[in-house]
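Numbering-wise, the sequence shown is residues 15 to 317 according to the working numbering.
Structure first, commentary second.
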Amino acid sequence: MNSDAASTSLSKTTKAILNEYGIKLNKNLGQNYLIDRNKRDQIIQFGNLTKDDVVLEIGPGIGTLTIELAKRVKKVIAIEQDSNICQILENRLKKENIDNVELINDDALNVEFPKFDKIISNLPYQISSPITFKFLNYDFQLAILMYQKEFASRMNGKVGSKDYSRLSAMLYFKCDVDLLTGVSAESFIPKPKVDSTVVRLTPKLPELNGQLKHLNINEINEKDFKTYSKFVKALFQHRNKKVKNALIDSRHIITDLDKKEVKAKLNSIKQKKIEELLSERITNLTPEEILYLSIHLNSVLEK
């Protein structure tokens with residue numbers, strides 16, 4: 015079967031299943047189903063799967079990825095919010111005699127994930143940001159994820175660019191981000207308004223001894239990263255402002271102090287490096303500088 019015929023076949027299969035069950039897809043739930051078999055197979059290839067892998071899939075839908083994943087790995091944990099779609103997938107798995115899929119009918123943002131090795135998902139786009147931040151709380155070997163093209167660009171945003179964001183700053187210390195391949199809007203039903211990108215996240219242990227030596231920080235622990243996360247959130251709510259003004263405006267995220275107290279404490283700082291960073295524009299600060307600033311200011315604002 016040639017590539018065009020294969021993709022047409024997947025499209026027909028998907029439409030036939032939806033028609034059989036009388037399902038109308040809900041765009042509000044991010045239900046855009048992949049119908050390009052070549053892209054599906056490419057996503058699976060990117061996963062470097064083995065028979066020992068336990069794979070987490072968010073938003074499996076009717077099983078376009080799920081069934082093929084299950085044939086290649088030890089177990090698939092598939093979390094689907096829509097109970098009707100969940101029932102369709104359960105029926106398909108029984109029909110295919112597939113018994114290594116743990117199907118969870120729930121909101122992926124609200125459930126504790128069972129232990130897994132890799133994440134492979136065509137994500138519901140409306141939860142792209144919160145689900146990605148949630149992934150960072152888990153240990154995994156590799157993630158192959160589909161995002162809207164613009165969102166994927168922000169994941170890899172460089173300092174000073176329009177794509178530099180809370181997302182890229184958070185990922186910086188946690189994962190290497192690689193944009194693997196584009197996927198056109200025509201590859202889905204219903205057709206979304208924008209193209210998509212397949213992204214690989216590879217967790218990393220930051221080599222901080224060299225990375226942060228110039229800032230006199232030798233390691234980043236869990237407590238420091240939580241502090242960093244709070245400050246990143248506070249800063250990027252006002253990404254076009256200067257650091258001091260953004261922290262004052264978003265003080266509720268980082269401290270219980272009122273506006274007057276925060277302003278007084280920030281104005282009382284006499285360390286040259288901190289003063290320089292406070293007067294910079296947020297998008298000009300590197301993640302290392304935000305980390306340095308957050309560790310020092312956290313102690314100041316706790317006093």
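In this text, a Cβ means the ideal position worked out from N, Cα and C, and glycines have one as well.
The structure displayed is predicted, hence computed values, not measured ones.
When the Cα atoms are used, what is the spatial distance from residue i to residue j?
{"i": "Leu-194", "j": "Thr-216", "result": "12 Å"}
{"i": "Glu-110", "j": "Cys-189", "result": "36 Å"}
{"i": "Val-125", "j": "Lys-287", "result": "42 Å"}
{"i": "Gly-171", "j": "Thr-28", "result": "35 Å"}
{"i": "Asn-114", "j": "Ile-37", "result": "26 Å"}
{"i": "Ile-93", "j": "Asp-131", "result": "15 Å"}
{"i": "Thr-80", "j": "Phe-202", "result": "16 Å"}
{"i": "Asn-105", "j": "Ala-260", "result": "52 Å"}
{"i": "Asn-254", "j": "Gln-59", "result": "40 Å"}
{"i": "Ser-135", "j": "Glu-34", "result": "25 Å"}
{"i": "Glu-116", "j": "Leu-48", "result": "21 Å"}
Here's a check: name, in chain order, each residue in its chain whose Cβ is nearer than 7 Å to the Cβ of residue i, leaving out the five neighbours to either side.
{"i": "Met-184", "result": "Phe-147, Leu-150, Ser-243, Val-246"}
{"i": "His-228", "result": "With a pLDDT of only 49 at His-228, under 50, the local geometry of the prediction cannot be trusted, and the value read off the model is given with reservation. Answer for His-228: no residue qualifies."}
{"i": "Lys-256", "result": "Ser-293, Glu-294, Arg-295"}
{"i": "Arg-180", "result": "Val-246, Lys-247, Phe-250"}
Taking the alpha carbon of residue i as the point to measure from, which residue in the options has its own alpha carbon closest?
{"i": "Asn-52", "options": "Ser-23, Glu-34, Ala-30", "result": "Ser-23"}
{"i": "Val-314", "options": "Pro-206, Tyr-186, Gly-73, Leu-271", "result": "Leu-271"}
{"i": "Arg-54", "options": "Leu-159, Lys-205, Leu-261", "result": "Leu-159"}
{"i": "Leu-63", "options": "Tyr-47, Leu-156, Gly-73, Pro-128", "result": "Leu-156"}
{"i": "Lys-129", "options": "Lys-256, Val-68, Pro-204, Ala-166", "result": "Val-68"}
{"i": "Tyr-139", "options": "Lys-240, Lys-163, Phe-154", "result": "Lys-163"}
{"i": "Glu-302", "options": "Arg-168, His-252, Tyr-47, Asp-238", "result": "Asp-238"}
{"i": "Asp-96", "options": "Leu-39, Leu-48, Lys-89, Asn-136", "result": "Leu-39"}
Near residue i, what residues of its chain come up, given a Cβ to Cβ distance below 6 Å and the 5 sequence neighbours on each side ignored?
{"i": "Cys-100", "result": "Glu-94, Asn-119"}
{"i": "Glu-200", "result": "none"}
Please report the Cβ distance between residue i and residue j, rounded to the nearest whole angstrom; I am assuming they are in contact, meaning their Cβ atoms lie under 8 Å.
{"i": "Lys-258", "j": "Leu-307", "result": "Contact doesn't hold; Cβ gap of about 10 Å is too wide."}
Which same chain residues, not among the five before or five after residue i, have their C-beta less than 8 Å away from its C-beta?
{"i": "Leu-123", "result": "Ile-141, Pro-144, Ile-145, Lys-148"}
Inter-stretch contact at 8 Å, needing at least 3 Cβ pairs: the region 275–292 / the region 204–211: Result no; under three Cβ-Cβ pairs closer than 8 Å.
Meets three-Cβ-pair contact criterion under 8 Å: the region 297–305 and the region 163–179: The region 297–305 makes contact with the region 163–179, as at least three CB pairs between them are under 8 Å.
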